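Residue numbers (our numbering): 10 to 261. Even glycine gets a Cβ: it sits at the ideal position worked out from N, Cα and C. None of these values were measured; they are calculated from a predicted model. One structure below.
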């Protein structure tokens with residue numbers, strides 16, 4: 010298993026919806042406390058076997074590497090973050106507008122959720138920080154300063170970014186401070202969860218499913234028609250926020 014996983018090199022995260030499946034499997038094996046000769050659970054075995062059967066589909070997934078910006082009227086960077094109980098993710102698209110808009114998948118990154126119990130809003134904040142860090146690397150690598158839009162479907166996270174707690178929660182303060190150091194508050198916006206492409210990187214999309222999901226590489230359809238002055242999505246500062254403590258346990 011480890012030798013097969015090690016063969017998948019995806020430093021830009023083009024197939025991160027697949028690699029996160031492997032990361033979760035490895036974490037589940039670690040949490041199970043198995044020795045080398047122990048049998049793994051049927052659930053983990055089924056997930057692993059399905060991945061092995063479908064892995065050949067990776068050859069059919071094609072991501073354009075050349076991005077034409079010379080004759081563009083303007084370019085925009087759109088970053089998205091999301092999470093679930095098992096993982097959190099970030100993905101960046103470049104929107105190039107010439108005669109018509111074109112979207113390019115630029116980078117993505119995923120991480121498994123911590124093993125210990127963590128409040129769901131804090132996990133969502135981890136996704137926002139992951140996006141901020143990925144954006145910083147992306148901008149520095151390409152030396153670009155295009156208009157930037159960062160999208161998150163968690164109103165609690167956006168509220169923390171807009172009005173960070175003054176005291177009492179070092180976990181939140183520390184991560185919000187890092188987000189502020191890497192991004193501007195004005196670049197963050199709210200998006201409905203069903204329109205968030207970062208969700209695909211936490212949904213356990215197996216190779217065949219990812220191949221059928223053309224929007225992961227081509228970008229979400231709504232973003233083709235996006236206009237910065239539109240009011241399609243409510244700015245996060247206007248969103249009503251209900252801070253309800255929600256705790257999930259990741260221990261089985």
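Where residue 112 is concerned, the enclosing beta strand (DSSP E) starts and stops at 110 to 121. For residue 104, no alpha helix (DSSP H) segment is defined; the enclosing uninterrupted segment is the beta strand (DSSP E) at 96 to 106. When secondary structure is reduced to three states using DSSP, residue 159 falls in the strand class. Annotation: the continuous alpha helix (DSSP H) that includes residue 221 extends over 216 to 221. Inclusion of residue 113 and residue 103 in the CB contact set at 8 Å is warranted, their separation being smaller than that value. Under the 10 Å beta carbon count, residue 154 is surrounded by fewer than 16 other beta carbons and is classified as exposed. For residue 84, the uninterrupted beta strand (DSSP E) segment begins and ends at 83 to 92.
Beta-bridge partners of residue 169 (DSSP): none assigned.
Excluding sequence positions up to five before and after residue 47, its CB lies less than 6 Å from no other CB in the same chain. In this structure, DSSP gives residue 197 an extended state, which the three-state scheme calls strand.
With contacts defined by Cβ atoms closer than 8 Å, residue 197 and residue 143 do not form a contacting pair.
Sequence-distant Cβ neighbours of residue 191 in its own chain, meaning closer than 6 Å and more than five residues away, are 141, 145.
The three-state secondary structure of residue 59, taken from DSSP, is helix. Here residue 17 carries a coil assignment [DSSP, helix/strand/coil]. Non-local C-beta neighbours of residue 174 in its own chain, meaning closer than 7 Å and more than five positions away in sequence, comprise 181, 182, ordered along the chain. In the three-state reduction of the DSSP assignment, residue 43 falls in the coil class, being assigned neither a helical nor a strand state. Counting along the chain, the unbroken alpha helix (DSSP H) around residue 186 starts and ends at 179 to 191.
226 is the residue among 234, 237, 226 whose C-alpha sits nearest the C-alpha of residue 72. In this structure, residue 25 sits away from residue 150, with a CB-CB distance that is not shorter than 8 Å.
With contact defined as three or more Cβ pairs closer than 8 Å, the stretch 42 to 62 and the stretch 125 to 139 are not in contact.
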